[in-house]
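Numbering (the working numbering), first residue to last: 787 to 870.
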Amino acid sequence: MDPDPIAVAASLGLTLPSPAYIFFAIVFGLAGIAAFRLGRKRQQHVTTGLGVALMLYPYAVGSTTWLVVIGLALCGAVWWDLRR
């Protein structure tokens with residue numbers, strides 16, 4: 787009988803993300819897509835780069851708290867860049 791994949795992952799120190807983490811990763815990913823497309827349309831390279839950062843940073847952050855803090859900071863930077 788094959789071992790339980792979740793038990794094997796837990797024995798390796800890997801855990802599944804919380805539903806809140808998944809929700810915020812999706813929200814900030816969608817915000818990143820919007821910022822990327824808007825930056826490309828307006829030819830604003832900083833906004834385009836921030837959009838890419840919003841789409842990719844959830845892969846590097848393991849904590850839900852840091853995911854939200856960094857996501858809000860990046861969204862604020864997009865908003866600030868679009869206002870200028």
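Backbone N, C-alpha and C fix where the C-beta goes; we use that ideal spot for every residue, glycine too.
Values in this document were obtained by computation on a predicted structure and should not be read as measured data.
- When S797, L860 and D790 are compared, the shortest CA-CA separation from V813 is found for L860.
- Looking at D790, Y843 and W852, the one whose alpha-carbon comes closest to that of A817 is Y843.
- Here T801 carries a coil assignment [DSSP, helix/strand/coil].
- The stretch 797 to 815 makes contact with the stretch 846 to 865, as at least three CB pairs between them are under 8 Å.
- Taking each of Y845, T850, L824 and A839 in turn and checking the Cα distance to S804, the smallest one comes out for T850.
- Counting the other Cβ atoms within 10 Å of the Cβ of L840 gives 16 or more, which makes it buried.
- The Cβ atoms of V854 and F810 lie closer than 8 Å to each other.
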